[in-house]
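Heads up: the structure comes next, in structure tokens.
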Amino acid sequence: MIKFLFMINPYPYLAYRNDPHPKTLAFCLFQPNSDRYDPGSKITYTNIFDALVNAVKSVLKGLGFPNAEIVVAEIGWPYYSDSDEVGATVENARAFIWNLMSHLRSMKGTLLMLEKSMDMYIFTLYDKDLSPGRCRSDPLASSDRISP
Numbered sequence: 010m011i012k013f014l015f016m017i018n019p020y021p022y023l024a025y026r027n028d029p030h031p032k033t034l035a036f037c038l039f040q041p042n043s044d045r046y047d048p049g050s051k052i053t054y055t056n057i058f059d060a061l062v063n064a065v066k067s068v069l070k071g072l073g074f075p076n077a078e079i080v081v082a083e084i085g086w087p088y089y090s091d092s093d094e095v096g097a098t099v100e101n102a103r104a105f106i107w108n109l110m111s112h113l114r115s116m117k118g119t120l121l122m123l124e125k126s127m128d129m130y131i132f133t134l135y136d137k138d139l140s141p142g143r144c145r146s147d148p149l150a151s152s153d154r155i156s157p
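In the working numbering, each residue carries its 1-based index in the sequence shown increased by 9.
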């Protein structure tokens, strides 16, 4: 059997930006929330990341690639943006990355890929202070934001 990788760039921030409500923010940041039920798959999701990955997994299976391995090529949350952007804060960016890492360390996997680890590349862990507006993201390693 030939195995192949399918790379995705899920951005939960975009879902929040399009539906800026506290319940959506909690769902996107892996925080306690009222969960979301998907009537198509009959799965209840506790976070948007699992929902996005499972959606891709379902499509790949439907196209005849049930064994495709999904790799997250880029993921992140902006901490600074133009004034018309909601939720792009240092606190939300930090919460997203830390909670994502905790979710991955749990090795639960998604409901369609139980107990499966996943390769993932976090977009810009270091502050790109020369980038304009909406390009600035993920301040985990910014020299002026790290606590000893």
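For glycine and all other residues, C-beta sits at the position ideal for the given N, C-alpha and C.
Item, Value
"Along the chain, where does the alpha helix (DSSP H) that runs through ASP44 open and close?", "Where ASP44 is concerned, there is no enclosing alpha helix (DSSP H), given that its DSSP letter is neither H nor E."
"Here's a check: name, in chain order, each residue in its chain whose Cβ is nearer than 8 Å to the Cβ of SER156, leaving out the five neighbours to either side.", "Because the pLDDT at SER156 is just 42, under 50, the model does not fix this residue reliably, and the value given afterwards should be weighed accordingly. For SER156, where only same-chain residues beyond five positions count, there are no Cβ hits under 8 Å."
"Whole angstroms are fine: how far does the CA of PHE39 sit from the CA of ASN101?", "11 Å"
"Among residues of its own chain, excluding the 5 on either side of SER146, which ones have a beta-carbon nearer than 7 Å to its beta-carbon?", "With a pLDDT of only 48 at SER146, under 50, the local geometry of the prediction cannot be trusted, and the value read off the model is given with reservation. If we look at SER146 and ignore the five residues flanking it on each side, its Cβ neighbours are GLY85, TRP86, PRO87, TYR88, ALA102, PHE132, THR133."
"Where do the N-terminal and C-terminal ends of the alpha helix (DSSP H) with MET129 fall, by residue?", "Looking at the DSSP string, MET129 is not in any alpha helix (DSSP H); the run it does join, the beta strand (DSSP E), is 129–131."
"How long is the line joining the alpha carbons of HIS30 and VAL99, rounded to whole angstroms?", "18 Å"
"Measuring only between beta-carbons, confirm whether PHE39 sits less than 8 Å from chain C.", "Included in the structure is just one protein chain, with no chain C present."
"Taking 6 Å as the limit between beta carbons, can you name the residues of its chain near TYR20, skipping five residues before and five after?", "none"
"Could you tell me the distance, in whole angstroms, from the CA atom of ALA97 to the CA atom of SER90?", "6 Å"
"Would you mind sorting LYS66 into buried or exposed? The rule is 16 or more other CB atoms within 10 Å of its CB.", "buried"
"Just the C-alpha distance for PRO48 and ASP28, rounded to the nearest angstrom, thanks.", "20 Å"
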